[in-house]
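Read through the structure below, which is laid out as structure tokens, and then see the notes.
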Amino acid sequence: MRTQVAIVGGGPAGLLLSHLLHLQGIDSVVLERRSQEYVQQRVRAGVLEQGTVDLLREVGLGERMLAEGDVHGGVYLQFDDERQHIPFQELTGRAITVYGQQEVVRDLNERRRRDGGQVLFEVSDLSVHDVTTEHPFVRFTHDGVDHELRADFVAGCDGFHGVCREVIPAGVRTVYERVYPFGWLGILATVSPSSDELIYANHANGFALHSMRSATLSRFYLQCAPDEPIEAWPDERIWAELQTRLGTPGWTLREGPIIDKAVTAMRSFVAEPLRHGRLFLAGDSAHIVPPTGAKGLNLAVFDVDRLAGAIADFYRTGSTTGMDEYSAQCLRRVWRVQHFSWWMTSMTHHFGGPDQDFERRLQRSQFDYLRTSPAAATTLAENYVGLPTR
Ligand code: APR
Ligand code: PHB
1 MRTQVAIVGG GPAGLLLSHL LHLQGIDSVV LERRSQEYVQ QRVRAGVLEQ GTVDLLREVG
61 LGERMLAEGD VHGGVYLQFD DERQHIPFQE LTGRAITVYG QQEVVRDLNE RRRRDGGQVL
121 FEVSDLSVHD VTTEHPFVRF THDGVDHELR ADFVAGCDGF HGVCREVIPA GVRTVYERVY
181 PFGWLGILAT VSPSSDELIY ANHANGFALH SMRSATLSRF YLQCAPDEPI EAWPDERIWA
241 ELQTRLGTPG WTLREGPIID KAVTAMRSFV AEPLRHGRLF LAGDSAHIVP PTGAKGLNLA
301 VFDVDRLAGA IADFYRTGST TGMDEYSAQC LRRVWRVQHF SWWMTSMTHH FGGPDQDFER
361 RLQRSQFDYL RTSPAAATTL AENYVGLPTR
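Counted the way my numbering counts, the sequence shown spans residues 1 to 390.
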């Protein structure tokens, strides 16, 4: 098999990269370990930055997103039972769109199928070779047949548990990581949202988030132990804790059937550099952020937008400038987003420890500063809606 760009991973990063390359007349093959159904049903995040929405619309992927996505002009922050609003639109002129990641993936798969894109699902035994030569290739098995896919470039879009990051030699790769002493219990419930916008709550019991997917589907998160067994959270306990942590005078949280619940650990992670020879990492394969800033998908979009442009420049003009600058350009944004995601997490979660009372007073002070200072609120707002991408 032969293509111009071999893309490992068929999540949002890999699929969007394939689409962006196609628009530039560049051929690619996407190699995905899981089935299409599995990738599309994975419940993931749901907040798109203004820049992500603008890009998806510009490249012909905006129809369902604009029809079904929910534009939000702000979020609520809550400390115990005090709630304040951060008005993004008013402070920055920009908004966010709530539209599930699996909907983005569904739109991408549909568009690749319509355009005759090559997306191979359920591949196995994948390995990447000769990335420091001009003829890298990827070995894999598909439908019981062993294949060798030769390409000019390889894009590692295979997420945190993929294989591409490790292709960069240990002596070349530097990893930065912070593991948090808690995780998130994610809950999907068929009940209409009780709030028009997201609510991030810091309660004495711990963090809670009220998000949503549609007018009839709510999405919640509860801070819990990182290795919490799901059995420890029967539906009754989930609703009781959500009522406690999100409760505020005069407000009612509607309850309904819980259709999905799962615990995910929380970490900040960056692997540098994002390029080694003709291998380029993009998305979760290179970086993970705590979901408190809702940045994972948006960072992946930023990476592949840069990578597609760099590869297109090479084929159009022979210039390698974009590829040579790719890693540094992405890392500048990655670290800004890492800091924001860490800051949002540190302000809203309980870290325990001997100084937890001191910590909670600091968090209270930040909450009050955000309420009284337009400069402080604007700092949160401009990072949450996404700093300009160009
Ligand atoms: N071979 C082929 N595919 C693989 C391999 C492999 N060895 N290892 C992993 N994959 C696939 C996974 O099955 C997954 O579908 O790579 C894909 C990576 O997708 P994501 O993990 O979604 O990562 P990314 O595309 O970078 O998107 C980042 O997804 O996980 C969320 O919070 C994250 O919102 C962010 C977004
Ligand atoms: C979600 O809707 O899944 C969501 C929203 C905001 C976050 C994290 C997750 O910070």
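Just so you know, even glycine gets a beta-carbon here, dropped at the ideal spot from N, CA and C.
Model, not experiment: these values are computed from the prediction.
In its chain, beyond the 5 residues on either side, 78, 208, 245, 246 have a beta carbon closer than 6 Å to the beta carbon of residue 201.
The bridge partners DSSP lists for residue 39 come to none. Counting the other CB atoms within 10 Å of its CB gives residue 132 a total below 16, which places it among the exposed residues. Inclusion of residue 172 and residue 128 in the CB contact set at 8 Å is not warranted, their separation being larger than that value. For the ligand PHB, the residues with a Cβ under 5 Å from any of its heavy atoms are, in chain order, 45, 46, 47, 211, 219, 291, 294.
Not one heavy atom of the ligand APR falls within 7 Å of the beta-carbon of residue 327. In terms of side-chain proximity, the C-beta atom of residue 285 is found nearer than 7 Å to a non-hydrogen atom of the ligand APR.
Setting aside the 5 residues that flank it on each side, residue 295 is surrounded in the same chain by 289, 337, 341, each with a C-beta closer than 6 Å to its C-beta; the list follows chain order.
Residue 205 sits in coil when the DSSP states are folded into three classes, being neither helix nor strand. Its Cα nearest to that of residue 94, the residue 71 stands out among 71, 103, 83. Nearest to residue 52 by alpha-carbon distance, out of 300, 7, 38, 218, is 300. In the structure shown, residue 264 adopts extended strand secondary structure according to DSSP, grouped into three states. Taking the CA atoms as reference points, residue 315 sits about 27 Å from residue 105. Short note on residue 356: C-beta not closer than 7 Å to any heavy atom of the ligand APR. DSSP places residue 26 in the coil class of the three-state scheme, outside both helix and strand.
Note on the segment 137-187: whole beta strand (DSSP E) runs with a minimum of 3 residues are 137-142, 145-150, 153-156, in chain order. Cα atoms of residue 367 and residue 293: separation of roughly 16 Å, rounded to the nearest angstrom.
Here the C-alpha atom of residue 239 lies approximately 21 Å from the C-alpha atom of residue 46. For residue 301, the uninterrupted alpha helix (DSSP H) run begins and ends at 296-317, by DSSP.
In the three-state scheme derived from DSSP, where H, G and I count as helix and E and B as strand, residue 99 is classed as coil. For residue 117 and residue 137, the gap between their C-alpha atoms comes out near 19 Å. Annotation for residue 357: the continuous alpha helix (DSSP H) segment containing it runs 356-372. Between the ligand APR and residue 157, a heavy atom-to-CB distance of less than 7 Å is present.
DSSP places residue 385 in the helix class (H, G or I) of the three-state scheme.
Taking a C-beta distance under 8 Å as the contact criterion, residue 242 and residue 222 qualify as a contact pair. Going by beta carbons, residue 96 and residue 188 fall outside the 8 Å limit. For the options 383, 4, 356, 388, the alpha carbon positioned closest to that of residue 181 is the one of 356.
In the DSSP secondary-structure assignment, residue 220 is bridged to 187, 210. Shortest Cα-Cα distance from residue 122 to any of 65, 9, 385 involves 9. If you draw a straight line from the Cα of residue 306 to the Cα of residue 251, it comes to about 44 Å. Within the segment 233-289, the complete alpha helix (DSSP H) runs of at least 4 residues fall at 235-246. Residue 282 sits away from residue 154, with the two beta carbons spaced by 8 Å or more.
Apart from the 5 residues on each side of it in sequence, residue 12 sits with its Cβ closer than 8 Å to the Cβ of 101, 104, 105, 108, 283, 297, 300, 301 in its chain, given in chain order.
Between residue 226 and residue 262 the beta-carbon gap is near 13 Å, outside 8 Å, which marks them as no contact. Residue 31 is bridged by DSSP to 8, 120. In its chain, beyond the 5 residues on either side, 363, 366 have a beta carbon closer than 6 Å to the beta carbon of residue 347.
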